[in-house]
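**Student:** The structure follows.
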Amino acid sequence: MEPGNGTHIPQFYLLGLSEEPELQPVLFGIFLSMYLITVLGNLLIMLAVSSDSHLHTPMYFFLSNLSLVDICFTSTTIPKMLVNIQTQSKVITYAVCITQMYFSIHFAVVDEFILTVMAYDRYVAICHPLHYTVIMNPCLCGLLVLLSWIISILHSLLESLMVLQLPFCSDLKIPHFFCELKEVVQLACSDTFPNDIVMYFSAGLLGGGPLAGILYSYSKIVFSICAISSAQGKYKAFSTCASHLSVVSLFYGTSLGVYLGSAGTHSSQSSAVISVMYTVVTPMLNPFIYSLRNKDIKRALERFLGR
């Protein structure tokens, strides 16, 4: 049956990052290692935060949620890629492709919102320290995370339903290692203008909106830090933001590059490489960035691992 009019179910082929046979074992080893590091690193962050009562604060609550999302994000793409390399099969069924696309969109958007909420948390902590515990109460923190998940669910559902209406004329090759929305839409054999409008509008609204919120929060934070008289006070205030800024720069710099870059600017191959950065590398680096620059996390990890 054809999606959209009921005549033919297409079959997709994921071409991965390289079609060179000799590179497949190397890619398998690299991505398996990166996946295991991502899962283990983020799981340790979650366990450290949950086991240490000193870390039961809004900042670490959001961090543990970010770690959970990162584990789920990579788990939607990497396992299928590893299976395809191991079995020497590039096939991915239509249903699995749509499912993979839905969850990859979902967790990417949750990631964006959690990063934005973390920026707001730092803004309140630095700019309104006396009111921090009142503003960032458990009810608000839980509500912000819940809204992040609900909005991302609705958005990914809309994008996926629109793709389901597209007809695909034959079995198609996706020059990517997973079913990314932009790549799948480009393979349709009908007018994709409505999909493109929704896709780019969503990228601007759900990508640019949170980014604008992050930039606004940090502009206020910079002014507050500049007003601090002591150099030690400025360093202490900035150090609580450095890890978050590193993750935001890496995530947004690559994810927006995929969706806002024109087809003439980015080839499919370069787009796939950029996607590796925000779907694999960023979730893998997050635990290192936060643990290496955060004494509280390091102490909590030492206590947890020392049990």
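Counting from 1 along the sequence shown, just add 383 to a position and that's the residue number in our numbering. Idealized CB from N, CA, C, for every residue including glycine.
1. Output the boundary residues of the alpha helix (DSSP H) element that contains Tyr-515.
2. When the Cα of Gly-592 is compared with those of Val-492, Val-528, Phe-576 and Tyr-418, which residue comes out closest?
3. Between Glu-566 and Leu-406, what straight-line distance do the alpha-carbon atoms span, to the nearest angstrom?
4. Quick check on this structure: which residue in Thr-440, Met-442, Leu-423 and Gln-483 has the alpha carbon closest to the alpha carbon of Ile-461?
5. With DSSP run on the structure shown, which of helix, strand or coil describes Thr-476?
6. Pick out whichever of Ala-655, Tyr-583 and Phe-395 has its Cα sitting closest to the Cα of Ile-719.
7. Given this structure, state the Cα-to-Cα distance separating Ser-627 from Leu-513, to the nearest angstrom.
8. Using only CA atoms, which one of Asn-669, Met-442, Phe-687 and Met-582 lies nearest to Leu-540?
9. At the level of alpha carbons, what is the spacing between Ala-646 and Phe-561?
10. By a C-beta neighbour count over all protein chains shown, 10 Å radius and 16 as the cutoff for buried, is Gly-399 buried or exposed?
11. Let me check understanding here. Comparing Cα to Cα, which of Leu-589, Gln-548, Cys-609 and Tyr-506 lies closest to Ser-573?
12. Specify the secondary structure class of Gln-394 as computed by DSSP and reduced to three states.
13. Run through DSSP, which three-state label would Ile-481 get?
14. Taking the alpha-carbon of Leu-498 as reference, which of Val-517, Ile-611, Thr-457 and Tyr-443 has the nearest alpha-carbon?
15. Assign Leu-397 to buried or exposed, taking buried as 16 or more other Cβ atoms, counted over all protein chains shown, within 10 Å of its Cβ.
**Tutor:** By the coordinates alone:
1. By one-based count along the sequence shown, residue 515 stands at place 132. That run of the alpha helix (DSSP H) goes 515-518.
2. If you number the sequence shown from 1, residue 592 lands on position 209. Ranking Val-492, Val-528, Phe-576 and Tyr-418 by Cα distance to Gly-592 puts Val-492 first.
3. Position 183 of the sequence shown, counting from 1, holds the residue named residue 566. Position 23 of the sequence shown, counting from 1, holds the residue named residue 406. Distance between the alpha carbons of Glu-566 and Leu-406: 23 Å.
4. In the sequence shown, residue 461 corresponds to position 78, counting from 1. For Ile-461, the nearest C-alpha among the options comes from Gln-483.
5. Within the sequence shown, residue 476 is the residue found at index 93, counting from 1. Here Thr-476 sits in strand by DSSP.
6. This structure does not reach residue 719, given that the chain is present from 384 up to 690, and the question cannot be answered.
7. Start at 1 with the first residue of the sequence shown, and residue 627 comes out as number 244. Start at 1 with the first residue of the sequence shown, and residue 513 comes out as number 130. The residue you asked about is not Ser; residue 627 is His in the sequence shown. About 22 Å.
8. Locating residue 540 in the sequence shown gives position 157, counting from the first residue. Among Asn-669, Met-442, Phe-687 and Met-582, the Cα nearest to that of Leu-540 is on Met-582.
9. Start at 1 with the first residue of the sequence shown, and residue 646 comes out as number 263. Start at 1 with the first residue of the sequence shown, and residue 561 comes out as number 178. Residue placement at Ala-646 is poorly supported in this model, since its pLDDT is 44, which falls under 50; the coordinates still yield a value, given next. Spanning the two alpha carbons is a distance of roughly 18 Å.
10. Within the sequence shown, numbered from 1, the residue matching residue 399 stands at position 16. Here Gly-399 is buried, its C-beta having at least 16 other C-beta atoms within 10 Å.
11. To locate residue 573, count along the sequence shown from 1; it is residue 190. When only C-alpha atoms are compared, the closest one is Gln-548.
12. Walking along the sequence shown from the start, residue 394 turns up at place 11. Reduced to three states, the DSSP call for Gln-394 is strand.
13. On the sequence shown, position 98 is the one that residue 481 refers to. Three-state DSSP puts Ile-481 in a helix.
14. For the purposes of this step, residue 498 is taken as residue 115 along the sequence shown, with counting starting at 1. The shortest Cα separation from Leu-498 among Val-517, Ile-611, Thr-457 and Tyr-443 belongs to Tyr-443.
15. Numbered from 1 along the sequence shown, position 14 holds the residue referred to as residue 397. The residue in question, Leu-397, is buried, as its Cβ has 16 or more Cβ neighbours within 10 Å.
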